[in-house]
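Here the structure is laid out as structure tokens; the discussion comes afterwards.
Residue numbers (the UniProt record's numbering): 1 to 332.
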């Protein structure tokens, strides 16, 4: 059981009615709270919840349409995303209860100050290195316009400016990160065919690929619903069409790919998390056609080349700059 869920269940008498659990972990919490419903924006957790609790969890960037008597927000990493989620929930809960739960090291006390915009807060519990906060929504905001919260910026690429739109919570929100900037400089000489932007974020790499290789089919894949929505906005802003899908890891990717390109993050919340990238390296060959290529950028200190060579083939370093390297390997 997730420690945040354990803290909630210490106060189970508060959560007996129709309840929305926003950003909930994929544990047994829905089983312990039979009138609760989930809202997830993580495709992997949503898949697990859907398997165990069919029809009881909603996936997307906006709350489910059903009415609920109270809501609990499981604190996300991003402050901007927390602002949006709290506003989206508070807009539906005038005069009702809104709760916030999270780990101390994830910044729950800071987030409790964001919660205070909607009423008087109080800390209900502190255990398992987590805190639970409560308020009655006295100052219900208008329903937030997610698109209005997007950040827009333009990249001066060799084939012209590329417009990028990112939503709250998306990796490197509102700016181009160093790894992606390096990868953008090394998109040449890719094999013809179906191209995948794995862990697409705001869609920078996928949009650049589609514009550079207009005859190629391009798919963008991310585990996060806000990233998927951002990628669609970025593609539309540049007049491009590509397939954007949500899924947890390389298992969700199409088969028969000519190339997989990725700037995989290695943090999930406040935790270091390498599993998605390691699974990509172990299973990329299963999704690549013969002579298909894997090309990714990663922090130099990450020991990916041995894993690439074990599961795909000889690993070449195409470039190195500012603490990042671009690795390339081809399926025999």
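We put the CB at the ideal spot given by N, CA and C, even for glycine.
(message) Distance check for residue 168 and residue 19, CA to CA, integer angstroms please.
(response) Rounded to the nearest angstrom, the two C-alpha atoms are 24 Å apart.
(message) Quick check: what's the CA-CA separation for residue 100 versus residue 48?
(response) Distance between the alpha carbons of residue 100 and residue 48 is about 23 Å.
(request) Grab the span of the alpha helix (DSSP H) containing residue 32 for me, first residue to last. (result) Boundaries of the alpha helix (DSSP H) around residue 32: 29-32.
(request) Starting from the Cα of residue 55, find the closest Cα among 75, 30, 330 and give me that residue. (result) Nearest to residue 55 by alpha-carbon distance, out of 75, 30, 330, is 30.
(request) Let me know the secondary structure DSSP gives residue 15 once reduced to three states. (result) For residue 15, the three-state secondary structure derived from DSSP is helix.
(request) Look at the Cβ atom of residue 228, then the Cβ atom of residue 246, and state whether they are nearer than 7 Å. (result) Between residue 228 and residue 246, the gap from beta carbon to beta carbon is short of 7 Å.
(request) On the DSSP bridge assignment, give the partners of residue 293 in chain order. (result) The secondary-structure analysis by DSSP pairs residue 293 across a beta bridge with 259, 330.
(message) Does the structure place the segment 168-180 close enough to the segment 116-133 that three or more beta carbon pairs sit under 8 Å?
(response) Short answer: they don't touch.
(message) For residue 153, report the span of its beta strand (DSSP E) as first-last.
(response) Its beta strand (DSSP E) spans residues 151-157.
(request) Specify whether the segment 252-262 and the segment 284-301 touch according to this definition: at least 3 beta carbon pairs, one from each stretch, less than 8 Å apart. (result) The way I'd put it, the segment 252-262 does touch the segment 284-301; three or more beta-carbon pairs between them come closer than 8 Å.
(message) By the three-class DSSP mapping on this structure, what secondary structure does residue 58 have?
(response) Secondary structure at residue 58: strand, using DSSP grouped into helix, strand and coil.
(request) Tell me, please, whether the CB atom of residue 327 is closer than 7 Å to any CB atom in chain D? (result) Although the question refers to chain D, the structure presented lacks it and comprises just one protein chain.
(request) Grab the span of the alpha helix (DSSP H) containing residue 46 for me, first residue to last. (result) Start and end: 43-52.
(request) Compute the Euclidean distance between the alpha carbons of residue 262 and residue 197, then round it to the nearest angstrom. (result) Note on geometry: alpha-carbon atoms of residue 262 and residue 197 lie some 6 Å from one another.
(message) Between the alpha carbons of residue 15 and residue 7, how many angstroms are there, rounded?
(response) Using only the alpha carbons, I get a separation of about 12 Å.
(request) May I have the straight-line CA-CA distance separating residue 248 from residue 95, to the nearest angstrom? (result) Their Cα atoms are separated by approximately 37 Å.
(message) Cutting at 6 Å between CB atoms, please list the residues of its own chain near residue 58, excluding the five before and the five after it.
(response) The residues are 39, 64.
(request) Might you give, ordered along the chain, the residues of its own chain that have their beta carbon closer than 7 Å to the beta carbon of residue 92, omitting 5 neighbours on each side? (result) Cβ within range, chain order: 63.
(request) Please check the pair residue 164 and residue 202, which I expect to be a contact at CB under 8 Å, by giving their CB distance rounded to whole angstroms. (result) Taking the Cβ atoms as the reference, residue 164 lies roughly 6 Å from residue 202, within the contact range of under 8 Å.
(request) Go through the segment 82-116 residue by residue and report every complete run of the alpha helix (DSSP H) that reaches 4 residues or more, in order. (result) If only uninterrupted alpha helix (DSSP H) runs of at least 4 residues are considered, those enclosed by the segment 82-116 are 108-115.
(request) Could you please give the first and the last residue of the uninterrupted beta strand (DSSP E) stretch that includes residue 316? (result) Segment 316-321, the beta strand (DSSP E) holding residue 316.
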